[in-house]
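Enquirer: Numbering (our numbering), first residue to last: -2 to 159.
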């Protein structure tokens, strides 16, 4: 009997390509949420999209890497990245099925560690208006306004599928 490989979550493919392959810091939360509609051929973001994304980090932990959350001064936004699990230090949130780190908070991004629900609620207040209006990407890179995906963004998302 032939075993089928479990497909990698879309967010992991994007982060792996952006952080590990292209050596960048991370992707914004609106970018990852918006990318789902392209990566999954039409599942559109809603008011629970950030919560769903963070639940996926906890439930679909990848073998060698932990998702990281930090603030990026360059684009003035919270970004998600990947870090080798062996390099992760507290504070972090554990996987839903094991004791391994699934989501690490980098640079004391939220000061005193809060619950994951509090962090998600804060991020929803910060980004849901952009997400629900289709503004997923910082335009003109640093300090730009939020806007829809550029052609380069769409190409990156589609090419990171594999």
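We treat Cβ as the ideally placed atom computed from N, Cα and C, and that holds for glycine.
Could you check what DSSP says for residue 48 in three-state terms: helix, strand or coil?
Expert: Locating residue 48 in the chain shown gives position 51, where the first residue counts as 1. If DSSP states are grouped into helix, strand and coil, residue 48 belongs with the helices.
Enquirer: Taking the alpha-carbon positions, what's the residue 59 to residue 24 distance?
Expert: Against the chain shown, residue 59 aligns to sequence position 62. Against the chain shown, residue 24 aligns to sequence position 27. Whole-angstrom Cα-Cα distance: 17 angstroms.
Enquirer: Excluding the 5 residues flanking residue 51 on each side, which residues of the same chain have their C-beta closer than 6 angstroms to its C-beta?
Expert: For the purposes of this step, residue 51 is taken as residue 54 along the chain shown, with counting starting at 1. So the qualifying residues of the chain are 117.
Enquirer: Is DSSP giving residue -2 helix, strand or coil here?
Expert: In the chain shown, counting from the first residue as 1, residue -2 sits at position 1. At residue -2 the pLDDT is 49, less than 50, meaning the model places this residue with poor confidence; the figure from the coordinates comes in the next sentence. In the structure shown, residue -2 sits in coil (DSSP, three-state: anything other than H, G, I, E or B).
Enquirer: Counting only the same chain and skipping the five closest in sequence on each side, list residues whose C-beta sits under 7 angstroms from that of residue 29.
Expert: In the chain shown, residue 29 corresponds to position 32, counting from 1. Hits under 7 angstroms: 8, 11, 50, 77.
Enquirer: Which one of 142, 83, 155 has the shortest CA to CA distance from residue 97?
Expert: The residue given as residue 97 occupies position 100 in the chain shown. It is 83 whose Cα lies nearest to the Cα of residue 97.
Enquirer: Under the DSSP definition of a beta bridge, which residues are partnered with residue 98?
Expert: Taking the first residue of the chain shown as 1, we reach residue 98 at position 101. Note: residue 98 sits in a beta bridge opposite 91.
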